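In this note's numbering, the protein residues as written are 1320 to 1819.
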RNA sequence: GGGCCGUUAACUCAGUAGGUAGAGUAUCUGCCUUUUAAGCAGAGAGUCGCAGGUUCGAAUCCUGCACGGCCCA
């Protein structure tokens, strides 16, 4: 269906009427999309500064305010009208009176609709009910709105419409706006947290010839001029570590990753990730840094280290619980070493729990599935799970005492993975072996297995200082700090199938 | 991929043991100079998601499809 047909189809009488009204304005010489009005004041500061003043004090103030915003509610009484206008900062009531504006202006104003953007000039006063209000001496149309807004009391509830037309959601649901303001504050907090500690923010490729740094299916694209296949990145990790080789000792990047996988309340194909790398540090130092980051973030954003999430209260006060991967299988998963160390028994158990086991899958991977099924959902309060099997950690440094496990941890809160960190593997011999293992798995049919990256090996051969590195899912963090049940509530435009 | 649920006016929602499609908000008209989910009186507004089927008759029952939500994988 063409755009034109489509736009014709979703016309309705209300839109028709507004279009006709707009034509009437034009005929009267009233521009419907002028760009001449210059507002001087934001609404929120006006409310904050003058809310407490008395009637008399406001009268003595003798100040004219020039504000602009969208008409949100209109209560008309014939010769007077009350309405609210909403700008980016807040909402204030405006009082329009025929005697003050004059008949001509008042009659034009009376034709304005809820949703129109208007500019208002006038002094402040307080109504009988004590609401701080602007007494309009002038009102002009700044932008005509052609579509009716959702119902004023219930707002826009239809989840699908809210995501497809987020602009409407943002106009009518103040809580949605708050989430995205918080999201911005969270990201800004993280940046200054890292900047203060000497980290350098960098940007590395989103389009990569070899996708690396995570086990995930990539999106594939093609560059015409170079006639080459490119992948949207699944992680920035290998590029950031090349920068450690290059001599930057503390780097971070906050940006989008893309994974060609399913969509759920916790997964969007593109999502935002923080990754940071710290030379001359290891995973234990990162645990402390993570505790510090999360707890100070909660305090700054939510005002407390104890925050509500769903039916739980999450306590982010450090220090957090720490359990090794195998300890967690035993203590939280209630498994015995005999159950999770025996390949056949572990495999049978995974199948019994309803998860598939791919032929030839290694024990580490099966243990990870047991963890996902039996442990992860129970980790409501913050838990560091550390010492993951080497088989499932191809970029992590081996533990000095036991080469079958790595100096790696993941952080879980509210039953979800929030961070993944490790002492980085900087031994090019070992890294090559690990890549070769991955390539074998890829050849055996595991689409998520890592690619061999010869240039990355070459970089390690120049020498990468020992380092700790960590990735934190920003969307999930925002979900946690805004008490949002779905990742779509914290992504402005989540991916949806297009309609018709 | 599987299961369950949803889709009715611009928005929020009712609805029928199968029998002419409803309310509130919004819109339009009229009255109204301190309202704030303003009020009062009146009017207009719907391919009941789409396509088939059963039936004298389907928004309602059946099948398929689309989109979405939740849960599982």
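Beta carbons: idealized from backbone N, C-alpha and C, even for Gly.
These numbers come from a predicted model, not from an experiment.
Can you list, in chain order, the residues of its chain with a C-beta nearer than 8 Å to that of residue i? Leave out the 5 residues immediately preceding and following it.
i: residue 1822; result: In this structure the chain extends from 1320 to 1819, so residue 1822 is not present and cannot be described.
i: residue 1670; result: 1676
i: residue 1632; result: 1625, 1626
i: residue 1334; result: 1465, 1466, 1467
Where does the unbroken alpha helix (DSSP H) through residue i begin, and where does it stop?
i: residue 1374; result: 1374–1380
i: residue 1591; result: Element bounds for residue 1591: not the alpha helix (DSSP H) but the beta strand (DSSP E), 1589–1598.
i: residue 1761; result: 1747–1762
i: residue 1775; result: 1773–1781
i: residue 1301; result: Absent from the structure is residue 1301, since the part of the chain shown begins at 1320 and ends at 1819.
i: residue 1698; result: Careful: residue 1698 lies outside any alpha helix (DSSP H) and carries neither H nor E.
i: residue 1508; result: 1493–1515
i: residue 1685; result: 1682–1689
Mapping the DSSP letters down to three states, classify residue i as helix, strand or coil.
i: residue 1433; result: coil
i: residue 1704; result: strand
i: residue 1546; result: coil
i: residue 1669; result: helix
i: residue 1649; result: helix
i: residue 1739; result: strand
i: residue 1660; result: helix
i: residue 1362; result: helix
i: residue 1328; result: Reliability of the predicted coordinates at residue 1328 is poor, the pLDDT of 40 falling under 50, and the value obtained from them is presented with this limitation in mind. Helix.
i: residue 1796; result: helix
i: residue 1566; result: coil
i: residue 1333; result: helix
i: residue 1486; result: helix
i: residue 1413; result: strand
i: residue 1625; result: strand
i: residue 1552; result: coil
i: residue 1789; result: strand
i: residue 1322; result: Interpretation of residue 1322 is limited by its pLDDT of 31, a score under 50 that renders its predicted location unreliable; the figure taken from the coordinates is listed afterwards. It is helical.
i: residue 1561; result: helix
i: residue 1439; result: strand
i: residue 1584; result: coil
i: residue 1571; result: strand
Among the residues of its own chain, which have a CB less than 7 Å from the CB of residue i, if the five just before and after it don't count?
i: residue 1738; result: 1609, 1729, 1730, 1789, 1790, 1791
i: residue 1539; result: 1548, 1550
i: residue 1370; result: 1451
i: residue 1810; result: 1587, 1794
i: residue 1628; result: 1733, 1799, 1802
i: residue 1461; result: 1353, 1356, 1387, 1436, 1437, 1438
i: residue 1323; result: Its pLDDT being 31, under 50, residue 1323 is placed unreliably by the model, and nothing is read from it.
i: residue 1524; result: 1552, 1558
i: residue 1513; result: 1571, 1595
i: residue 1529; result: 1770, 1772
Determine the burial state of residue i: buried for a count of at least 16 other Cβ atoms within 10 Å of its Cβ, exposed for fewer.
i: residue 1555; result: buried
i: residue 1327; result: Legend: pLDDT at residue 1327 = 38, less than 50; position of this residue unreliable, value from coordinates given subsequently. Burial call: exposed.
i: residue 1503; result: exposed
i: residue 1763; result: exposed
i: residue 1394; result: exposed
i: residue 1321; result: Per-residue confidence for residue 1321 stands at a pLDDT of 31, beneath the threshold of 50, marking its modelled position as unreliable; the derived number appears in the next sentence. It is exposed - the Cβ of residue 1321 has fewer than 16 other Cβ atoms within 10 Å.
i: residue 1812; result: exposed
i: residue 1797; result: buried
i: residue 1696; result: exposed
i: residue 1432; result: buried
i: residue 1742; result: buried
i: residue 1613; result: buried
i: residue 1590; result: buried
i: residue 1446; result: exposed
Am I right that residue i and residue j are in contact with their C-beta atoms under 8 Å? What's the rounded C-beta distance?
i: residue 1586; j: residue 1594; result: 18 Å between Cβ atoms; not a contact.
i: residue 1349; j: residue 1427; result: 7 Å
i: residue 1690; j: residue 1640; result: Not quite, the Cβ-Cβ distance comes to about 15 Å (not below 8 Å), so this is no contact.
i: residue 1442; j: residue 1382; result: 6 Å
i: residue 1486; j: residue 1807; result: With a Cβ gap of about 16 Å, residue 1486 and residue 1807 do not count as contacting.
i: residue 1708; j: residue 1723; result: 7 Å
Where do the ends of the beta strand (DSSP E) carrying residue i lie?
i: residue 1466; result: Taken as a continuous stretch (DSSP letters only), residue 1466 belongs to no beta strand (DSSP E), as it is neither H nor E.
i: residue 1445; result: 1443–1445
i: residue 1453; result: 1451–1454
i: residue 1642; result: 1640–1643
i: residue 1393; result: 1384–1395
i: residue 1404; result: 1399–1405
i: residue 1731; result: 1727–1732
i: residue 1634; result: 1631–1634
Excluding the five sequence neighbours on either side, which residues of its own chain have a C-beta within less than 6 Å of the C-beta of residue i, listed in chain order?
i: residue 1329; result: Interpretation of residue 1329 is limited by its pLDDT of 48, a score under 50 that renders its predicted location unreliable; the figure taken from the coordinates is listed afterwards. Closer than 6 Å at the Cβ level, and outside the excluded window around residue 1329, lies no residue.
i: residue 1526; result: 1549
i: residue 1647; result: 1694, 1704
i: residue 1517; result: 1569
i: residue 1775; result: 1557
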